[in-house]
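Chains as they are written, first to last, in our numbering: chain S, 11 to 615; chain R, 16 to 313.
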């Protein structure tokens with residue numbers, strides 16, 4: 011009887027705690043007028059109090075936009091990847107033939123220890139970029155858009171030239187998207203002959219290979235380096251860190267310090283979305299980047315006084331990708347049938363009600379960017395609106411047969427659509443569960459299979475182990491990057507030194523297995539991998555034409571069925587500060603420290 | 016003639032036993048409730064899924080819906096009835112728990128009995144093996160195993176959990192055997208020249224049966240906790256109507272710890288686990304008294 015009493019008591023406690031958790035909501039925030047700006051760093055879940063002030067360390071306490079600075083902040087414009095907000099660089103000039111970029115630094119910028127920010131700091135940072143394998147500073151011979159020479163023109167000017175053997179339109183972006191660290195603190199980590207080593211590494215002989223290995227090893231040393239006390243050229247400098255938050259105080263030497271309103275920034279620790287939801291519900295955060303939020307929680311967050319939800323463009327979409335080496339996905343009619351069968355609006359409503367828009371069709375491009383790139387042509391593409399009759403016609407065209415209400419393969423064997431997603435990606439899982447239900451409702455057997463984590467998911471996907479799986483596409487704004495996701499290495503095309511080659515399905519990471527040449531109505535036979543590679547080097551007009559061709563190929567051939575395009579849903583609390591960027595502002599795609607350093611955020615009077 | 020007397024006495028023994036059982040059950044209504052709960056769960060796992068279609072109906076306009084007569088535990092993030100998922104999900108959970116319990120008990124008892132009765136070299140070898148097994152931490156091993164083994168079926172899951180859990184039962188059965196083998200009735204059986212098989216099967220095993228049966232029931236709860244925990248952590252393949260996956264989706268997808276909307280979705284599988292444990296605890300309480308006359312409060 012005592013055991014029973016204990017169980018009943020436990021039940022009581024569970025019920026009481028459940029009631030208290032549901033009742034303890036909507037505590038409004040107070041403390042308006044505080045000069046401490048509170049937020050989270052969306053890229054750094056789990057603050058490590060022992061992490062170094064090192065922008066290259068994944069667990070470091072250098073926070074981008076606050077005490078870690080880049081040469082400039084890429085705007086992620088809808089179509090132009092080369093638009094930026096100033097950072098360490100005040101201005102930049104790209105040569106008309108895209109062969110070089112000349113960067114002028116902010117004239118009055120100083121590190122937090124009082125030393126001026128110079129061209130030498132930038133040069134050292136670019137050398138470090140080579141050790142980290144950044145796009146413009148790739149060591150692989152023939153890599154697209156790689157830098158060739160870095161020259162210090164004067165104390166405040168640096169010139170970087172592009173290796174024109176395989177140029178890229180995104181060269182300027184690759185250069186400006188570089189973190190800058192103080193040479194007087196970091197120079198000891200790199201050997202004095204680092205530039206000789208970099209030069210040697212860009213060759214093709216055995217010595218180059220040895221140099222590359224050495225530089226890669228240096229990269230690990232850089233990541234592990236602890237520079238000691240934080241020396242920042244950003245608006246803030248690290249004051250102290252504890253397991254619950256990092257506190258950054260204003261850097262009076264920052265070039266725009268006069269317009270930096272918050273006296274300090276507090277970055278709260280979080281390890282999961284639930285903590286962020288609780289911060290938002292309590293009105294603790296002055297702003298927070300995108301975080302997936304269930305509808306009911308979203309309603310509660312909106313009720314908190316001062317909280318505002320803003321939405322903007324997010325250059326990424328998700329699609330259901332097929333492994334065409336596996337039957338029946340090699341048949342375009344099967345892929346089209348599935349595209350007709352899946353109600354994308356329903357999928358998005360279930361999976362990402364606040365953070366997505368159902369894909370208008372499959373183009374491989376985010377619908378907002380597609381409207382810019384394709385214009386009216388977007389409406390001429392097949393929308394694949396939900397239509398069971400059309401789906402059945404496509405399945406029949408593929409030779410599938412329906413027996414006892416279930417679709418089977420042409421040889422009569424059962425067909426089960428096996429969809430894969432990494433465990434923990436709750437929106438992807440919810441979407442696939444919904445797709446599974448939709449398919450089963452219409453006689454297509456389906457299952458959802460999870461993989462332990464994202465890296466394993468990527469590895470197994472590349473090994474061709476999955477029939478279908480979710481795949482991020484439309485990674486804008488650079489047009490090459492957009493189509494590289496579906497007509498790049500994952501689909502067999504490699505682009506080395508401007509030379510495009512195609513690997514057979516199942517080889518060298520080609521798990522999508524599209525045909526090398528695809529017949530498209532109105533275009534004839536096209537090689538989409540070659541068209542994609544061209545996007546790197548052609549001018550703006552030709553780019554537009556290529557984007558249209560590739561969108562038509564993706565729309566007709568469906569290597570993926572585009573499910574939803576992400577929406578950058580963010581949170582702001584206007585109780586203590588004003589001047590926040592509103593809906594669709596391109597600054598929503600920046601770390602929030604950039605808003606502050608540009609002088610937008612003001613204390614509320 | 017002798018056989019007739021033996022049969023009559025064994026039949027009357029059986030009658031007495033069941034009369035005793037009924038008396039014990041009647042004395043505390045909670046024990047009856049325990050049995051009813053276990054029968055309910057057995058029915059739920061075997062016949063429950065037959066009441067629902069394979070693909071549960073969904074209402075996308077009623078996700079994380081409230082508790083209503085139509086949906087006593089609300090709906091999940093897909094707009095599917097939560098109660099239906101608890102019922103259909105019980106099959107995997109209970110089947111694997113049963114397999115775990117069987118393997119735990121059969122392996123643990125066999126090794127414990129053999130080791131305790133034989134003693135000597137066999138005992139040393141088997142007990143060192145058992146000690147080694149006991150030092151392996153179960154959860155971390157399961158986490159590692161889950162990366163290579165997908166635990167596709169309930170039987171596979173039960174098999175793995177069973178193979179990880181027999182150690183404690185083996186140890187306990189061995190110590191009981193060591194104590195019993197020195198008792199008079201075993202001495203007498205040995206003196207009569209009865210075979211080892213007879214002594215173990217007919218003399219030792221029945222004496223320990225209640226203890227083993229209780230261990231089996233307790234293993235069921237252990238197995239339910241272990242597998243639900245693994246599914247909750249998300250290390251096992253996703254199966255929407257598994258209780259552990261339901262807990263995972265309620266907390267990480269629905270925000271059940273933050274808002275009330277997904278709370279019924281979280282509580283339903285929790286309540287099922289709690290009820291199952293309660294049923295088992297109550298039945299074990301009754302068994303304790305049935306098999307141990309000294310505990311009878313008459």
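Think of the CB as a built atom: it goes at the ideal place given N, C-alpha and C, for glycine as much as any other residue.
If you check the CB distance, residue 271 of chain S and residue 611 of chain S come in under 8 angstroms. Residue 343 of chain S: member of the alpha helix (DSSP H) spanning 342-351, first to last residue. In the structure shown, residue 164 of chain R adopts coil according to DSSP, grouped into three states. Cβ-Cβ distances below 8 angstroms link residue 137 of chain R to 129 and 130 in the same chain, with the five nearest sequence neighbours on each side left out; the list follows chain order. For the pair residue 172 of chain R and residue 105 of chain R, the CB atoms are not nearer than the 8 angstroms cut-off.
Given a length threshold of 4 residues, each whole run of the alpha helix (DSSP H) inside the stretch 275-340 of chain S is given here in chain order: 283-291 and 305-313. Among the CB atoms of chain R, one or more fall inside 8 angstroms of the CB of residue 284 of chain S. At a C-beta separation below 9 angstroms, residue 262 of chain S has no neighbours in chain R, since its nearest C-beta there lies roughly 40 angstroms away. The residue among S:118, S:264, S:114 and S:123 with its C-alpha nearest the C-alpha of residue 133 of chain S is S:114. With respect to the C-alpha of residue 51 of chain R, the residue from R:107, R:304, R:295 and R:240 having the closest C-alpha is R:295. Residue 272 of chain R is not a Cβ neighbour of residue 364 of chain S, given a cutoff of 8 angstroms.
Taking a C-beta distance under 8 angstroms as the contact criterion, residue 305 of chain R and residue 39 of chain R qualify as a contact pair. At a cut-off of 8 angstroms, the C-beta of residue 185 of chain R has no neighbouring C-beta in chain S.
The residue among S:187, S:580, S:356 and S:496 with its C-alpha nearest the C-alpha of residue 368 of chain S is S:356. Shown in chain order are the members of the stretch 83-108 of chain R whose Cβ falls below 7 angstroms from a Cβ of chain S: 92 and 93. Under the Cβ criterion (8 angstroms, minimum of three pairs), the stretch 271-288 of chain R does not count as touching the stretch 314-322 of chain S. Approximately 12 angstroms separates the beta-carbon atoms of residue 87 of chain S and residue 489 of chain S; this is outside 8 angstroms, ruling out the contact. If the five residues before and after residue 101 of chain S are omitted, its C-beta is found closer than 6 angstroms to the C-beta atoms of 114, all from its own chain and listed in chain order. Under a criterion of Cβ atoms nearer than 8 angstroms, no residue of chain R is adjacent to residue 571 of chain S; the nearest Cβ is some 19 angstroms distant. Secondary structure at residue 101 of chain S: strand, using DSSP grouped into helix, strand and coil. Proximity of chain R to residue 427 of chain S at the Cβ level (cut-off 9 angstroms) is not reached, the minimal Cβ distance being about 13 angstroms. Within the stretch 435-454 of chain S, contact with chain R at the beta-carbon level (separation under 7 angstroms) is assigned to 436, 439, 440, 443, 444, 447, 450 and 451. Interface annotation, residue 375 of chain S: not in contact with chain R, CB-CB separation never under 8 angstroms.
Residue pairing of residue 74 of chain S in beta bridges, as defined by DSSP: S:78. Burial is judged here by how many other beta carbons sit within 10 angstroms of a residue's own beta carbon; residue 164 of chain R has fewer than 16 and is exposed. Annotation: residue 78 of chain S has no Cβ neighbours in chain R at a cutoff of 8 angstroms; minimum Cβ distance is about 30 angstroms.
For the pair of segments examined, the stretch 186-197 of chain R was found to touch the stretch 216-226 of chain R: the number of CB pairs separated by less than 8 angstroms reaches three. Pairing residue 565 of chain S with residue 457 of chain S, the inter-Cα distance amounts to about 25 angstroms. Under the three-state reduction of DSSP, residue 56 of chain R is assigned to helix. Within the stretch 339-369 of chain S, those residues whose Cβ lies closer than 7 angstroms to any Cβ of chain R are, in chain order, 356, 359 and 360.
In the three-state scheme derived from DSSP, where H, G and I count as helix and E and B as strand, residue 147 of chain S is classed as helix. With the rule of 3 Cβ pairs closer than 8 angstroms, the stretch 470-484 of chain S counts as touching the stretch 430-449 of chain S. The three-state secondary structure of residue 362 of chain S, taken from DSSP, is coil. Residues of chain R with a Cβ closer than 9 angstroms to the Cβ of residue 459 of chain S are, in chain order, 165, 252 and 253. Cβ proximity to chain R below 9 angstroms picks out 466 from the stretch 466-493 of chain S. In this structure, S:77 is the residue among S:602, S:437, S:161 and S:77 with its C-alpha nearest to the C-alpha of residue 123 of chain S.
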